[in-house]
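Participant: Protein chains in written order, with the numbering used here: chain A, 142 to 297; chain B, 142 to 297.
Number of protein chains: 2
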Amino acid sequence: MNKEEQVIMGLRDLYDKMVWLNKDKIDDRLKGYNSSEVHCIEYIERNVDPNVTKLAEFFYMTRGALSKITKKLIKKGLIESYQKSDNKKEIYFRLTEQGKEIYQIHEDLHKEFQERDQAVFEQITEEQFDSILSFVKKYSRHLDAEIKKQGISIKS
Amino acid sequence: MNKEEQVIMGLRDLYDKMVWLNKDKIDDRLKGYNSSEVHCIEYIERNVDPNVTKLAEFFYMTRGALSKITKKLIKKGLIESYQKSDNKKEIYFRLTEQGKEIYQIHEDLHKEFQERDQAVFEQITEEQFDSILSFVKKYSRHLDAEIKKQGISIKS
DNA sequence: ATTATTTTGTTGACAAAGAAACAAAATGAA
DNA sequence: TTCATTTTGTTTCTTTGTCAACAAAATAAT
C-alpha cells in the first residue's frame with residue numbers, strides 16, 4: 142500500500158470512527174434528535190438564508206432528504222420557515238427558541254469532543270497543523286474542480 | 142473557528158466530497174453493484190477468513206447489515222461461503238471468479254482515482270506527507286482508546 | 001460435567017436517504 | 001411579451017441500514 146492509499150484509507154477510517162463514536166454521544170445527550178437533524182440545526186444557525194437546496198449541497202445529500210428533515214424539524218418546533226417578499230419560490234429557515242436550545246447543547250457537546258481530543262492536538266506542532274490544513278484545502282479544491290468537470294450536482 | 146475545528150470540518154467535507162465524486166464513477170463503471178457491495182468484495186479479497194463480524198467491525202456497520210449484504214453477494218454469485226471443520230458457527234467468505242472480475246475493475250478504478258488526484262499529491266513534500274500520516278494514525282489510535290473506554294462495540 | 005455467559009449470524013419491523021417524477025416559480029431567449 | 005429552460009421544493013416508491021429479538025454454537029465459570 143503506497144502513501145496515497147494510506148492517507149485515503151486512514152482518512153476514511155478516522156472519519157468513520159469519529160462519526161461512530163460521536164453518534165453515540167449525541168444519541169445519549171440529545172435524545173429524540175438524530176445526527177442529521179442536529180447538523181441541520183447547526184447549519185441553519187450559522188448561515189444566512191439557508192434553504193433546502195443549500196443544505197443539500199452542504200451535506201452532499203439530496204434535496205428530497207433535506208425536504209423531509211426540515212419538515213420534521215418544523216413539526217418538532219425547532220425551526221420555522223420564512224420567505225422574502227420578492228421571491229415566492231425559495232423557502233428559508235431559522236431556529237425557534239427551542240431550536241436554539243438544541244443548538245447550544247450541541248455546541249457544548251462539540252467543545253466536549255474537542256477536550257476529549259485535546260491530547261492529540263497538543264502533540265502536533267504549528268507547522269504540522271498548517272501542513273494538514275493546507276493539504277486538506279488543496280485536496281478539497283481539487284475535488285471541487287473535478288466535480289465541476291464532471292458536471293455532477295446534487296440531483297433529484 | 143479555531144484550527145481544531147477547521148481540521149475536523151475540513152476532513153468531513155473532504156471525505157463527503159470524495160465519497161460523492163467516487164460513488165458516481167462506481168455507479169457508472171460497476172453498474173448493478175453499489176459501494177457497499179464493492180467495498181465488501183474488496184475486504185473479502187484482501188483479508189484472511191473474513192466473516193460477517195469482521196466486516197461489520199471494519200466498516201463500522203452492524204452485523205445485520207453485513208449479513209444482508211453478503212447474502213445478496215452470494216445470490217449474485219460474487220462470493221461463496223465456507224467453514225472450518227473445527228467450528229460450526231463461524232461462516233467465512235471468498236470471492237468467486239465473477240467476484241474477482243469485479244474486484245479487478247474496482248482496483249483499476251482505484252488507480253484511476255489516484256491518477257486523477259496525482260496533482261495534489263505531487264505538490265506536497267515528503268515531510269508533509271509524514272506529518273499527515275502520523276497525525277491520522279495518532280488520532281485514530283486516540284479514538285480507538287476512547288471507543289474502548291466507552292465500551293462501545295458493533296451492536297446488535 | 002453442567003450451567004451460565006458470550007459470540008456469531010439471521011430475521012422482521014422500522015427509519016433514513018436516494019431516485020424519479022412532478023408542479024410552481026424564476027430566469028433566459030426570441 | 002411570449003415561450004422555453006432552469007431552479008426549487010415536494011411526494012411516492014424503493015433501497016439501505018439500524019434495532020432488537022432470536023437460535024445455535026462456542027467459551028467461561030462452577
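The C-beta atom is built at its ideal place from N, Cα and C for all residues, glycine as well. Bear in mind that the values here come from a model prediction, so they are computed numbers and not experimental data.
Between L250/B, I232/B, Q255/B and M150/B, which has its C-alpha nearest V189/B's C-alpha?
Facilitator: For the purposes of this step, residue 189/B is taken as residue 48 along the second sequence, with counting starting at 1. The residue with the shortest Cα to Cα distance from V189/B is I232/B.
Participant: Around the Cβ of N192/A, are there at least 16 other Cβ atoms within 10 angstroms (buried) or fewer (exposed)?
Facilitator: Taking the first residue of the first sequence as 1, we reach residue 192/A at position 51. Looking at its Cβ environment, which holds 16 or more other Cβ atoms inside 10 Å, N192/A is buried.
Participant: Could you tell me whether the region 203-213 of chain B touches the region 157-166 of chain B, where touching means 3 or more Cβ pairs closer than 8 Å?
Facilitator: no
Participant: Compare the C-beta of V148/B against all C-beta atoms of chain A and say whether one is closer than 8 Å.
Facilitator: Locating residue 148/B in the second sequence gives position 7, counting from the first residue. With 8 Å as the cut-off, V148/B counts as an interface residue toward chain A.
Participant: Which ranges does the beta strand (DSSP E) cover as unbroken runs of at least 3 residues, wholly within the region 243-286 of chain A, from first to last along the chain?
Facilitator: Taken in chain order, the complete beta strand (DSSP E) segments of 3 or more residues contained in the region 243-286 of chain A number zero; there are none.
Participant: Starting from the Cα of R187/B, find the closest Cα among Q264/B, L284/B, Q245/B and Q147/B and give me that residue.
Facilitator: On the second sequence, residue 187/B is found 46 positions in, with the first residue counted as 1. The option with the nearest alpha carbon to R187/B is Q245/B.
Participant: Closer than 8 Å, CB to CB, is L250/A near chain B or not?
Facilitator: For this step, residue 250/A is matched to residue 109 along the first sequence. Chain B contact via Cβ: absent.
Participant: Using a Cβ cut-off of 9 Å, pull out every chain A residue sitting near V201/B, in sequence order please.
Facilitator: As a working note, residue 201/B is residue 60 in the second sequence. Reading the sequence as shown, one finds Tyr at residue 201/B and not Val. Residues of chain A passing the Cβ test: D154, D157, K158, V160 and W161.
Participant: For D258/B, return the contacting residues in chain A, with the cut-off set at a CB-CB distance below 9 Å.
Facilitator: Walking along the second sequence from the start, residue 258/B turns up at place 117. Within chain A, the residues whose beta carbon sits less than 9 Å from that of D258/B are E145, I149, Y280, H283, L284 and E287, listed in sequence order.
Participant: Could you tell me if the beta carbon of D165/A falls within a distance shorter than 7 Å of some heavy atom in the ligand FMN?
Facilitator: Only the bare structure without any ligand can be found here, which leaves the ligand FMN out of the picture.
Participant: Grab the span of the beta strand (DSSP E) containing N228/B for me, first residue to last.
Facilitator: If you number the second sequence from 1, residue 228/B lands on position 87. Its beta strand (DSSP E) spans residues N228 to L236.
Participant: Verify whether the separation of the beta carbon atoms of I243/B and Y174/B is less than 8 Å.
Facilitator: As a working note, residue 243/B is residue 102 in the second sequence. As a working note, residue 174/B is residue 33 in the second sequence. Against a cut-off of 8 Å, the Cβ pair of Y174/B and I243/B comes out as a contact.
Participant: Please name the residue in M142/B, F200/B and D168/B whose C-alpha comes closest to that of K158/A.
Facilitator: The residue labelled residue 158/A in the question sits at position 17 within the first sequence. Nearest option by C-alpha distance: F200/B.
Participant: Would you say the region 255-269 of chain A touches the region 276-290 of chain B, given that touching needs at least three Cβ pairs under 8 Å?
Facilitator: yes
Participant: Alpha carbons only, please: which of K241/A, Q255/A, I265/A and T266/A is nearest the one belonging to M142/B?
Facilitator: By one-based count along the second sequence, residue 142/B stands at place 1. The candidate whose alpha carbon is nearest that of M142/B is Q255/A.
Participant: What span of residues does the beta strand (DSSP E) with Y122/B cover, start to end?
Facilitator: Given a span of 142 to 297 for chain B in the structure shown, any question on residue 122/B remains unanswerable.
Participant: List, in order along the chain, the chain A residues whose C-beta lies closer than 9 Å to that of S176/B?
Facilitator: Position 35 of the second sequence, counted from the first residue, corresponds to residue 176/B. Near S176/B there are no residues of chain A at all, since even the closest Cβ is about 12 Å away, more than 9 Å.
Participant: Taking the alpha helix (DSSP H) that Y174/B falls in, what are its first and last residues?
Facilitator: By 1-based counting over the second sequence, the position of residue 174/B is 33. Y174/B: not part of any alpha helix (DSSP H); DSSP gives it neither H nor E.
Participant: Considering Cα atoms alone, identify which of E268/A, K195/A and E178/A is closest to K217/A.
Facilitator: The residue labelled residue 217/A in the question sits at position 76 within the first sequence. Minimum Cα distance to K217/A is reached at E178/A.
Participant: Which value, in whole angstroms, describes the spacing of the CA atoms of E145/A and V160/A?
Facilitator: Translated into positions along the first sequence, residue 145/A becomes position 4. Translated into positions along the first sequence, residue 160/A becomes position 19. Cα to Cα, E145/A sits roughly 23 Å from V160/A.
Participant: Let me know the secondary structure DSSP gives N143/B once reduced to three states.
Facilitator: Locating residue 143/B in the second sequence gives position 2, where the first residue counts as 1. Coil.
Participant: Expressed to the nearest angstrom, what Euclidean distance is found between the alpha-carbon atoms of L274/A and V277/B?
Facilitator: Position 133 of the first sequence, counted from the first residue, corresponds to residue 274/A. Position 136 of the second sequence, counted from the first residue, corresponds to residue 277/B. About 13 Å.
Participant: Give me the subset of the region 169-197 of chain A whose CB atoms are less than 9 Å from a CB atom of chain B, sorted by chain position.
Facilitator: The residues in question: there are none.
Participant: So, using beta-carbon positions, are I220/B and L236/B closer together than 8 Å?
Facilitator: Position 79 of the second sequence holds residue 220/B. Position 95 of the second sequence holds residue 236/B. It is a contact, given that the beta carbons lie within the stated cut-off.
Participant: Determine, for Q245/B, whether the minimum Cβ-Cβ distance to residues of chain A falls below 8 Å.
Facilitator: As a working mapping, residue 245/B is identified with position 104 in the second sequence. For Q245/B, the answer is no, since every Cβ of chain A falls outside 8 Å of its Cβ.
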